[in-house]
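Protein sequences appear in the order of chains B and F.
Residues in the first sequence are numbered consecutively from 1, following our numbering.
Residues in the second sequence are numbered consecutively from 1001, following our numbering.
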Amino acid sequence: MSIELENLTHIYMKGTPFEKKALDNITLRISDGEFVGIIGHTGSGKSTLVQHFNGLLKPTSGKVTVNGIDVTRGDLKELRKHVGIVFQYPEHQLFEETVYKDIAFGMVKMGFDDDRIKRNINWALNLVGLDEDILEKSPFELSGGQKRRVAIAGVLVMEPNILILDEPTAGLDPQGKNEIYGYIQNLHRQTGNTVIIISHNMEDIAKIAHRVIVMNEGRIELDGSVATVFREADRLESIGLTIPQISVFIRKLKKIVPDIREDIFTIEDAKNELFKILKRR
Amino acid sequence: MERVIEIENLTYRYARAEETSLKNITLAVEKGKFMVIMGHAGAGKTSLSLCLNGLIPQFMQGRMQGKVRVKGKDTRSIPVQELAKEVGLVLQDPESQIICRTVGEDVAFGPENLGVPPLEIRKRVDEALSMVGISDYAKHAPHLLSGGQKQRVAIAGILAMKPDCIVLDEATSMLDPIGRKEVMAVLKKLNTREGITIIHITHHMDEASLADRVLVMDHGKIVLSGTPKYVFSNVEVIKNLGLEVPQVTELFYVLRKEGIELPNGVLDVDEAVNLVKDYLEKST
């Protein structure tokens, strides 16, 4: 059970004057249960990449296999039971009369029985921190943060074992952002699902992801643990990305305190390291 | 200093709303300032911004008390189309505020509706596009631009109306880091070179650090107001409101809590490095 890409190339509008190579010969494997952050600036191919994971896009050349299903030839309905994608601004896709109907929509289409639908809705609501009394409301009378959570719940109830979220916190305030990330981390802990998050925010990716994939111009620029990727600060900057402020600080401090650890990407780590250094003087 | 905006005891409640959105706000914004407003969702930031160009009270049904004056003019009595020449508003979603077939036409839309003569419109459009750095795209279709470029088109559309003040309601929150940098650079330039007053609503601390003055709102009130250094020295207050401070500011705060005597309200990396250096020199 994993995502496997072999020499994946995707070209938009092939054969027209607007032809654009969005993905260029990508080979990649994401194993079961990984927590992956994908970063890269706009147009680097992040969203194009993940849309291959559930067959919304087909490779122009190369091969994509997800949980053993070949995306080009395989059973896409079956594949989409495994892979749930939460798109950017998913609240734009809410449409039903009530929150209950909206969350249940996918499950009804997939033929889940009533018990399972109710059970899943309760579980997902709880996970994204919403009360049951929201179920009879119209999705359009909710606040922005609530709408976002309802939309995410609508994907979670499908029981995907691979969950992909494209910029899940864009446009939210810091509290809303931290809450959403908290729910996703809980879900990962509870279920051991594969989670893939696309984000521009390096601070957040440093905090939550285990593995980081950096995309640039349709290729994988860097791939590894948070520490190995963020160590390449100059390279990240050259492709328009910035490392967290705290890491910039540590790098500059190293000129004065040569024995400081360099692989620091969160405030917590920085605090512990600095405390040791400042205390011993 | 000349005041562009004066607000006295402003209270506002939307029609049928259970809670008052703005509670007794008094605020003056001086000409040429760069002000940032922060606050979590529902704090009243957008309501306040709608009061600055007369959309509240003139276009919204609700109850407004107190006074808002733009360049001395009362926003209750001066028509919105007049106020639009003084205060321009840029919104969050780049998609939702561009309506014409080309970038140039879109920028011309405002002055056209103000009845500006055609030759003058042409001049203003060219100037505005050049100020935001997208002259080359004048004949392009807006939907093919990046988010940062679209927001700059929106800003150019405002500039073509020659306002003294531009209000941006989370105009960078849907942009990627490159788009944010582009827009911030344009705002900084308009502020320093053209003397345009900027009121920028944002959740991004790096953007707030660049302001002359930062306001923090909560439940319709202003809870903190001052220089970025002053505001961000109140780490606890800000965190309790569900907001964030710059990472180095937070680092110094947690170290202080552990008994390390570092100063409060540090904002940028170089300053932080120097302060740690000082600390080490003092203690050896």
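Backbone N, C-alpha and C define an ideal beta-carbon position, used for all residues, glycine too.
Does the Cβ of R261 of chain B have 16 or more other Cβ atoms within 10 Å, making it buried, or fewer, making it exposed? The residue you call residue 261 of chain B lines up with position 261 of the first sequence. R261 of chain B is exposed by the Cβ-count criterion.
Local conformation of A233 of chain B per DSSP, three classes: The residue given as residue 233 of chain B occupies position 233 in the first sequence. Here DSSP, grouped into helix, strand and coil, assigns A233 of chain B to helix.
What distance in whole Å lies between the Cβ atoms of L8 of chain B and G68 of chain B, which are believed to be in contact at a cut-off of 8 Å? Taking the first residue of the first sequence as 1, we reach residue 68 of chain B at position 68. Taking the first residue of the first sequence as 1, we reach residue 8 of chain B at position 8. In this structure G68 of chain B does not touch L8 of chain B by the C-beta definition: roughly 17 Å separates them, more than the 8 Å allowed.
With a threshold of 8 Å on Cβ separation, who are the neighbours of E1112 of chain F within its own chain once the five nearest residues in sequence on each side are excluded? In the second sequence, the residue the question calls residue 1112 of chain F occupies position 112. Contacts found: I1121.
Neighbourhood of Q1097 of chain F by C-beta distance below 6 Å, restricted to the same chain and skipping five residues each side: As a position in the second sequence, residue 1097 of chain F is number 97, starting the count at 1. Cβ neighbours of Q1097 of chain F beyond the five flanking positions: L1091 and A1154.
When the Cα of A1141 of chain F is compared with those of F:L1168, F:D1206, F:V1107 and F:G1044, which residue comes out closest? Here residue 1141 of chain F refers to the residue found at position 141 when the second sequence is read from its first residue. That would be F:V1107, whose Cα lies nearest to the Cα of A1141 of chain F.
E1030 of chain F - DSSP class collapsed to helix/strand/coil: What you label residue 1030 of chain F is simply residue 30 of the second sequence in a count that begins at 1. Strand, per DSSP.
Alpha carbon to alpha carbon, how far is A1041 of chain F from I1199 of chain F? Here residue 1041 of chain F refers to the residue found at position 41 when the second sequence is read from its first residue. Here residue 1199 of chain F refers to the residue found at position 199 when the second sequence is read from its first residue. About 17 Å.
So if I threshold CB-CB distances at 7 Å, which residues from the region 252-266 of chain B count as touching chain F? Cβ contacts with chain F: K252, L253 and I256.
Cβ of L278 of chain B within 9 Å of any chain F Cβ: Here residue 278 of chain B corresponds to residue number 278 of the first sequence, with the count starting at 1. L278 of chain B has a beta carbon lying within less than 9 Å of a beta carbon in chain F.
Contact between the region 163-181 of chain B and the region 112-121 of chain B: three or more CB pairs below 8 Å? Between the region 163-181 of chain B and the region 112-121 of chain B, the count of C-beta pairs closer than 8 Å stays below three; the two stretches do not touch.
Beta-carbon proximity of V226 of chain B to L236 of chain B, cut-off 9 Å: To locate residue 226 of chain B, count along the first sequence from 1; it is residue 226. To locate residue 236 of chain B, count along the first sequence from 1; it is residue 236. If you check the CB distance, V226 of chain B and L236 of chain B do not come in under 9 Å.
Does Q190 of chain B get closer than 9 Å to chain F when you measure Cβ to Cβ? Walking along the first sequence from the start, residue 190 of chain B turns up at place 190. It does not; no Cβ of chain F falls within 9 Å.
S1173 of chain F to G171 of chain B, Cα distance in whole Å? On the second sequence, residue 1173 of chain F is found 173 positions in, with the first residue counted as 1. On the first sequence, residue 171 of chain B is found 171 positions in, with the first residue counted as 1. Taking the straight line joining both Cα atoms gives about 5 Å.
Residue burial classification, G176 of chain B (beta-carbon count within 10 angstroms, cutoff 16): As a first step, residue 176 of chain B must be located in the first sequence, where it is residue number 176. So G176 of chain B counts as buried.
Classify P1263 of chain F as buried or exposed, calling it buried when 16 or more other Cβ atoms lie within 10 Å of its own Cβ. Translated into positions along the second sequence, residue 1263 of chain F becomes position 263. Exposed is the call here.
So, does the region 150-161 of chain B touch the region 63-83 of chain B, judging by three or more C-beta pairs under 8 Å? The answer is yes - the region 63-83 of chain B touches the region 150-161 of chain B, with three or more Cβ pairs under 8 Å.
What's the C-alpha gap between K46 of chain B and S247 of chain B? Within the first sequence, numbered from 1, the residue matching residue 46 of chain B stands at position 46. Within the first sequence, numbered from 1, the residue matching residue 247 of chain B stands at position 247. Rounded to the nearest angstrom, the two C-alpha atoms are 24 Å apart.
Taking C-beta pairs closer than 8 Å, name the residues in chain F that G171 of chain B reaches, listed in chain order. Counting from one through the first sequence, the residue named residue 171 of chain B turns up at place 171. Chain F residues near G171 of chain B: Q1092, E1170, S1173 and M1174.
Pick out whichever of F:I1158, F:P1246, F:S1021 and F:K1139 has its Cα sitting closest to the Cα of M950 of chain F. This structure cannot speak to residue 950 of chain F, because chain F is shown only from 1001 to 1284.
Verify the CB distance criterion: does L1050 of chain F have a CB-CB separation below 9 Å to chain B? Position 50 of the second sequence, counted from the start, is the residue given in the question as residue 1050 of chain F. For L1050 of chain F, the answer is no, since every Cβ of chain B falls outside 9 Å of its Cβ.
Could you pull the start and end residues of the alpha helix (DSSP H) that F105 of chain B belongs to? Start at 1 with the first residue of the first sequence, and residue 105 of chain B comes out as number 105. Where F105 of chain B is concerned, the enclosing alpha helix (DSSP H) stretches over V99 to K109.
Name, in chain order, the residues that DSSP records as bridge partners for L1022 of chain F. For the purposes of this step, residue 1022 of chain F is identified with residue 22 of the second sequence, where counting begins at 1. Partner residues in the beta bridge of L1022 of chain F, as assigned by DSSP, are F:Y1012.
Per DSSP, the bridge partner or partners of N1113 of chain F: For the purposes of this step, residue 1113 of chain F is taken as residue 113 along the second sequence, with counting starting at 1. None, per the DSSP bridge assignment.
Between the CA atoms of E1030 of chain F and V108 of chain B - distance to the nearest angstrom: Counting from one through the first sequence, the residue named residue 108 of chain B turns up at place 108. Counting from one through the second sequence, the residue named residue 1030 of chain F turns up at place 30. In this structure, the straight-line span from the alpha carbon of V108 of chain B to that of E1030 of chain F is close to 58 Å.
Quick check on V1269 of chain F - is its C-beta less than 9 Å from some C-beta in chain B? Counting from one through the second sequence, the residue named residue 1269 of chain F turns up at place 269. Chain B contact via Cβ: present.
So the candidates are F:A1028, F:Y1012 and F:E1019; which of them puts its Cα closest to the Cα of M1001 of chain F? The count along the second sequence starts at 1 and reaches residue 1001 of chain F at position 1. The option with the nearest alpha carbon to M1001 of chain F is F:A1028.
Helix, strand or coil at T242 of chain B according to DSSP, with G and I counted as helix: To locate residue 242 of chain B, count along the first sequence from 1; it is residue 242. DSSP places T242 of chain B in the coil class of the three-state scheme, outside both helix and strand.
May I have the straight-line CA-CA distance separating T266 of chain B from L5 of chain B, to the nearest angstrom? As a working mapping, residue 266 of chain B is identified with position 266 in the first sequence. As a working mapping, residue 5 of chain B is identified with position 5 in the first sequence. So the alpha carbons of these two residues sit roughly 31 Å apart.
Where are the alpha helix (DSSP H) runs, 4 residues long or more, that stay fully inside the region 1113-1183 of chain F, in chain order? Runs of the alpha helix (DSSP H) lying entirely within the region 1113-1183 of chain F and spanning at least 4 residues, in chain order: 1118-1131 and 1147-1159.
Would you mind telling me which residues of chain F sit closer than 8 Å to V248 of chain B, beta carbon to beta carbon, in chain order? Here the question's residue 248 of chain B lines up with position 248 in the first sequence. Here the neighbours are V1269.
Distance between beta carbons of L1089 of chain F and V1167 of chain F, contact taken as under 8 Å: Here residue 1167 of chain F refers to the residue found at position 167 when the second sequence is read from its first residue. Here residue 1089 of chain F refers to the residue found at position 89 when the second sequence is read from its first residue. Right, their Cβ atoms sit about 5 Å apart.
Could you check if A1208 of chain F is buried or exposed, using at least 16 other CB atoms within 10 Å of its CB as the buried criterion? Indexing the second sequence from 1 puts residue 1208 of chain F at position 208. Buried: at least 16 other Cβ atoms inside 10 Å.
Check the C-beta distance from I39 of chain B over to V195 of chain B and give it rounded, since I have them as a contact under 8 Å. On the first sequence, residue 39 of chain B is found 39 positions in, with the first residue counted as 1. On the first sequence, residue 195 of chain B is found 195 positions in, with the first residue counted as 1. Going by Cβ atoms, the distance from I39 of chain B to V195 of chain B rounds to 15 Å, so no, they are not a contact pair.
Can you tell which of F:T1102, F:E1006 and F:M1161 has the C-alpha that lies nearest to the C-alpha of E1082 of chain F? Reading the second sequence from its first residue, position 82 is the one you call residue 1082 of chain F. Nearest in C-alpha terms to E1082 of chain F, of all of F:T1102, F:E1006 and F:M1161, is F:M1161.
What does A1272 of chain F touch in chain B if you count any residue whose Cβ is under 7 Å from its own? Here residue 1272 of chain F refers to the residue found at position 272 when the second sequence is read from its first residue. Within 7 Å Cβ-Cβ: F249.
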